[in-house]
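First residue of the sequence shown: 5, per this note's numbering; consecutive thereafter.
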Amino acid sequence: MFLGIDLGTSGVKSVIIDAGQRLVAEASSGPLEIRRAQPGWSEQHPDLWWHAVCESLDALTASHPAAMAEVAGIGLSGQMYGATVLDAADRPLRPAILWNDTRSAPECTELAAAVPDLLNRVGRTPTPGVTATKLMWLRRHEPETFDAVRMVLLPKDYIRLLLSGDKASDLADSSGTMWVDLAARDWSDVMLSASGMDRSQMPRLCEGTEATGILRAGLAQRWGMRHRPVIAGGGGDNACGACGTGVIEDGEGTVSLGTSGVLFVANDRPRPAGAFAIETLCHAVPDRWHQMSVVLSATSCLSWLGARLKRSPAELVALLGDDPRPASDLIFVPFLDGCWSPRSDGTVRGGFMGLAHQHDDAAMAQAVMQGVSFAIRDCAGAFRAGGGEVRRLLAIGGGSKSRLWVSMLATSLGVDLDVPRSSALGAAFGAARLGMIAATGTPVRDVLTRPEIAVTVGSEPAHADSYEQAFQRWQAFARLC
């Protein structure tokens with residue numbers, strides 16, 4: 005048996021899979037409180053994470069003791085970028101500053117000026133989400149705390165420390181800090197120095213498939229495990245999600261239609277994003293990298309519209325049916341929470357353009373779904389501008405249940421979209437797979453297989469021209485927002 009633990013922003017999900025990768029059991033714990041002491045701030049105390057992890061594993065022990073007894077490997081997944089700063093006794097000095105905290109915008113400008121060639125080193129421009137600028141903010145605003153920092157861990161790696169006593173981190177998660185040289189797959193002394201840090205404050209780096217240690221004896225006893233399982237390096241939540249769907253080859257990817265929209269594409273080498281706000285990171289498997297973009301509001305835009313129209317999102321989607329249709333003349337830009345990719349602008353907002361008397365509930369729903377699709381196409385254009393390939397994608401997330409929405413995406417992107425049959429995929433499942441590799445030594449490609457496909461949705465040639473013309477109008481409007 006193999007255990008996957010995913011530490012999210014809002015809660016923890018843990019799963020057990022067997023040697024055939026069948027889901028045996030799952031448990032969740034949460035919600036996790038987020039502190040927002042000031043506008044733009046987002047913090048959590050690491051004690052909340054540990055309590056939630058223990059709660060989920062205690063639940064699995066109670067419900068599936070025989071499966072927990074046979075766990076041989078554990079994989080860790082987690083929310084990325086969070087700055088967990090520890091003192092000399094490995095105790096948190098303060099609440100962790102999370103991925104969606106925006107207070108360090110001035111430090112982004114400072115870091116970019118300090119390292120003129122940072123694109124070649126870390127593959128992207130700094131944004132407030134990354135860990136490096138958070139530590140620069142601490143140095144400026146909480147100098148006593150900064151001076152006491154002896155170790156910086158990402159959220160899931162703090163859980164690793166408590167599980168096994170090891171200070172280690174995988175390259176996929178750590179490359180999001182802006183302290184990792186992507187090509188060398190190692191800490192960058194230049195980037196560390198530019199943010200006032202050094203290697204002594206960093207954990208040991210490993211691949212996501214490597215074993216970093218073994219579970220503490222007392223915890224193995226608590227959870228009824230016959231042997232002390234190994235713990236894999238694991239990865240950030242998006243890299244683990246890709247491992248869960250077998251996305252590891254160059255040009256393969258996923259497009260997720262969830263609360264936010266995420267485009268994730270695997271690469272066989274680092275592909276710096278240039279001036280675009282695109283993540284370029286190491287993958288959770290050796291000799292692979294990935295690019296990632298985020299549209300902050302995706303299915304949440306449909307929820308927003310439904311609340312205005314007094315209809316559920318499902319009702320709005322049902323009004324349109326599943327059959328492909330030409331692009332709408334009504335334009336919607338989905339920047340309800342600002343824009344993260346391919347340009348970083350937290351102040352920009354969305355809107356409709358071209359509303360007329362004939363536009364009813366269905367027309368507005370179509371415009372929203374189309375607008376999200378175009379925002380994802382805009383991100384794909386940034387991938388391609390940097391030389392990246394987008395050959396074939398898996399469509400995942402709640403929005404992928406709408407055949408029409410998947411068709412919109414396929415026609416907008418010009419690629420086939422495969423919709424998996426199983427819904428038991430995700431970061432926790434991918435983490436469990438990495439735990440399997442670390443425990444058994446099974447080759448990566450034998451474990452990280454692609455899921456069974458329910459349907460493949462291709463681009464609609466009859467509607468391609470209408471989508472191209474609508475996208476050009478969308479892009480012009482988006483630049484004005």
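A virtual CB, placed ideally from N, CA and C, is assigned to each residue, including glycine.
For clarity, every value in this text was computed on a predicted model and none was experimentally measured.
When beta bridges are read from the DSSP output, Asp185 appears opposite Asp190. Taking 3 residues as the shortest admissible run, the region 145–214 contains the following complete beta strand (DSSP E) segments, listed from N- to C-terminal end: 155–157, 172–174, 208–210. Boundaries for His68: no alpha helix (DSSP H) harbours it, and the DSSP string shows neither H nor E there. In the structure shown, the three-state DSSP call for Ile38 is coil.
By alpha-carbon distance to Ala117, the top candidate from Val156, Met195, Pro43 is Met195.
Secondary structure at Pro43: coil, using DSSP grouped into helix, strand and coil. Nearest to Leu27 by alpha-carbon distance, out of Ala92, Arg39, Gly430, is Gly430. For Gln225, the closest alpha carbon among the candidates Val448, Cys343, Val75 is that of Val75. Under the 8 Å Cβ criterion, the region 112–129 does not count as touching the region 42–60, having fewer than three qualifying pairs. Counting C-beta pairs with one atom in each stretch, the region 133–142 and the region 98–105 have three or more that are closer than 8 Å, which means they touch.
For Ile20, no alpha helix (DSSP H) encloses it; the enclosing beta strand (DSSP E) starts and ends at 16–21. Comparing C-alpha distances from Thr446 to each of Ala215, Leu61, Arg477, Val156 shows the shortest one belongs to Ala215.
If you draw a straight line from the Cα of Val156 to the Cα of Thr88, it comes to about 6 Å.
DSSP, read as helix, strand or coil, puts His361 in coil. By the 16-neighbour rule on beta-carbons within 10 angstroms, Gln362 is exposed.
Closest in C-alpha terms to Phe378, from the list Ala302, Gly245, Ala436, comes Ala302. When secondary structure is reduced to three states using DSSP, Ala281 falls in the coil class, being assigned neither helix nor strand. Exclusion of the five residues before and after Ala73 leaves Gly228, Met229, Arg230 as the residues of its chain whose Cβ lies within less than 7 Å of its Cβ.
In the three-state DSSP reduction, Val376 falls in the helix class (H, G or I).
The alpha-carbon of Ala474 is positioned some 11 Å away from that of His467. About 6 Å separates the Cβ atoms of Leu309 and Met368, confirming a contact at the 8 Å cut-off.
For Gly265, the number of other beta carbons within 10 angstroms of its own is at least 16, and it is reported as buried.
In terms of Cβ geometry, Ser32 and Ser60 form a close pair [threshold 9 Å]. Secondary structure within the region 213–277: the beta strand (DSSP E) runs of 3 or more consecutive residues, fully enclosed, are 215–218, 234–236, 256–261, 265–271 (chain order). Residue nearest to Pro317 within the set Ser406, Val461, Glu114 is Ser406 (criterion: CA-CA distance).
Under the DSSP assignment, Asp422 falls in the beta strand (DSSP E) whose first and last residues are 421–424. Taking all protein chains in view, the Cβ of Glu37 is surrounded by fewer than 16 other Cβ atoms within 10 Å, so the residue is classified as exposed.
For the pair Ala288 and Leu175, the CB atoms are nearer than the 9 Å cut-off. In this model, Ile400 and Asp151 are separated by some 44 Å (Cα to Cα). Taking the C-beta atoms as reference points, Ser81 is found no nearer than 9 Å to Lys171. Rounded to the nearest whole angstrom, the C-alpha separation of Tyr471 and Ala366 is 18 Å. Of the residues assessed, Thr137 falls on the buried side of the cut-off, its CB having 16 or more other CB atoms within 10 angstroms.
When the beta-carbon positions are compared, Asp382 and Ala279 stay at least 9 Å from each other.
Distances from the alpha-carbon of Cys58 to those of Gly439, Val459, Gly24, Lys17 put Lys17 closest. Sorting Ser173, Thr453, Arg98 by C-alpha distance to the C-alpha of Glu148 places Arg98 at the top.
Sequence-distant partners of Arg154 (beyond 5 residues in either direction) whose C-beta falls short of 7 Å from its own C-beta, in its chain, are Leu90, Asp91, Ala92, Gln205.
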